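**Student:** Sequence positions in the sequence shown follow the numbering used here and run 23 to 219.
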Amino acid sequence: MQTTTIYLLRHAHTTPSPRYAPDFDWPLDEQGGSQAEALVPILDDLGIDVVCASPQLRAVETATPFATHAGFQVQGLEGLKECGFNRVWAVDFAALVQNHWADFDFAQPECETHRSCQSRFLSTLVDVGRRHAGQSVVCCSGGQAIGLALNSVDPTYGFDNWKATRTPDLFRVQLDDDRMTWDRDFVSPGLESLLDD
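#1: Could you check if residue 88 is buried or exposed, using at least 16 other CB atoms within 10 Å of its CB as the buried criterion?
#2: In or out: residue 131 buried (at least 16 other Cβ within 10 Å) or exposed?
#3: Could you spell out where the beta strand (DSSP E) holding residue 158 opens and where it closes?
#4: Judging by CA-CA distance, which residue of 207, 64, 102 is the nearest neighbour of residue 162?
#5: With residue 90 as the anchor, note down where its alpha helix (DSSP H) starts and where it stops.
#6: Please classify residue 98: does DSSP put it in a helix, a strand, or coil?
#7: Where do the ends of the alpha helix (DSSP H) carrying residue 74 lie?
#8: Starting from residue 36, follow the alpha helix (DSSP H) in both directions and report where the run begins and ends.
#9: Can you check DSSP and say which residues form a bridge with residue 193?
#10: Who pairs with residue 204 in a beta bridge, going by DSSP?
#11: For residue 50, write down the residues that DSSP places opposite it in a beta bridge.
#12: Helix, strand or coil, according to DSSP, for residue 185 in the structure here?
#13: Measuring alpha carbon to alpha carbon, tell me which of 29, 124, 28, 47 ends up nearest residue 37.
#14: At the level of alpha carbons, what is the spacing between residue 219 and residue 166?
#15: Distance, Cα to Cα, residue 41 vs residue 115?
#16: From what residue to what residue does the alpha helix (DSSP H) around residue 154 run?
#17: Could you have a look at residue 170 and say whether DSSP puts it in helix, strand or coil?
#18: Just the C-alpha distance for residue 195 and residue 99, rounded to the nearest angstrom, thanks.
#19: Count Cβ pairs between the segment 54 to 63 and the segment 173 to 186 that sit closer than 8 Å; are there 3 or more?
#20: Tell me whether residue 121 sits in a helix, a strand or coil according to DSSP, three-state version.
#21: Alpha carbon to alpha carbon, how far is residue 84 from residue 127?
Take a look at the structure:
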């Protein structure tokens, strides 16, 4: 089977709010909208063939400007959704996330564990790799889900690495016979100017 290159794109900037509970499906804010537009030439230079995204607004709105420019449809994939680890607004969000990274089987009632999220996200990436063998695909999602994919390749990737990711951010992985590798040396020219610190 041919190698599939997948660019894991963390969504652009958002302003989370408890008013979006319990699904927390918030859109991009004004800054994020500008970032999504500025991503167009950056993604254009990568030779993308297919655009996939979590159906959550922040992911779809990040991927849409490039997809429109390139003449692609955004393929919404449920398996790319962010980890559903909370159903109520967390006052100490970082502490909640840290608990999940410390124990992949931890979850609040009616919420998703990191282990479950990692499994479904990886299964979706493998399916994408099979369906688009030999192509370059961008998959837009949230920081937890993407981080868990990277953790599957490098188990030392954890909470501190997640905290260091920015919005947007971009990682390159490759799938060959369903085996994923992470190109840690990949740097996308132009992305640094968009990153939110």
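Where a beta carbon is used, it is the ideal one built from N, C-alpha and C, also for glycine. Remember, it's a predicted structure, so these values are computed and weren't measured experimentally.
**Tutor:** Let's see:
#1: Residue burial is scored here from C-beta neighbours: residue 88 has at least 16 other C-beta atoms within 10 angstroms and is therefore classed as buried.
#2: Flag for residue 131 reads exposed.
#3: First-last of the beta strand (DSSP E) with residue 158: 158 to 163.
#4: Comparing Cα-Cα distances from residue 162 to each of 207, 64, 102, the minimum goes to 102.
#5: Looking at the DSSP string, the run of the alpha helix (DSSP H) that includes residue 90 is 79 to 92.
#6: DSSP places residue 98 in the strand class (E or B) of the three-state scheme.
#7: Here residue 74 belongs to no alpha helix (DSSP H); instead the beta strand (DSSP E) covers 72 to 75.
#8: In the DSSP assignment, residue 36 falls outside any alpha helix (DSSP H) and carries neither an H nor an E.
#9: DSSP output for residue 193 lists 30 as bridge partner(s).
#10: 195.
#11: Residue pairing for residue 50: DSSP places it in a beta bridge opposite 36.
#12: It is helical.
#13: Ranked by Cα distance from residue 37, the options 29, 124, 28, 47 are led by 47.
#14: In this prediction, residue 219 scores a pLDDT of 49, lower than 50, which makes its location untrustworthy; the coordinate-derived value is nonetheless stated afterwards. Residue 219 and residue 166: Cα-Cα distance of roughly 17 Å.
#15: The alpha-carbon atoms of residue 41 and residue 115 are separated by roughly 15 Å.
#16: First-last for residue 154: undefined, no H or E at that position.
#17: Residue 170: helix per DSSP, three-state reduction.
#18: Roughly 18 Å between the two C-alpha positions.
#19: No, because fewer than three Cβ pairs between the segment 54 to 63 and the segment 173 to 186 fall closer than 8 Å, the two stretches do not touch.
#20: Look at residue 121 here: in three-state DSSP terms it is helix.
#21: When rounded, the distance between both Cα atoms is 30 Å.
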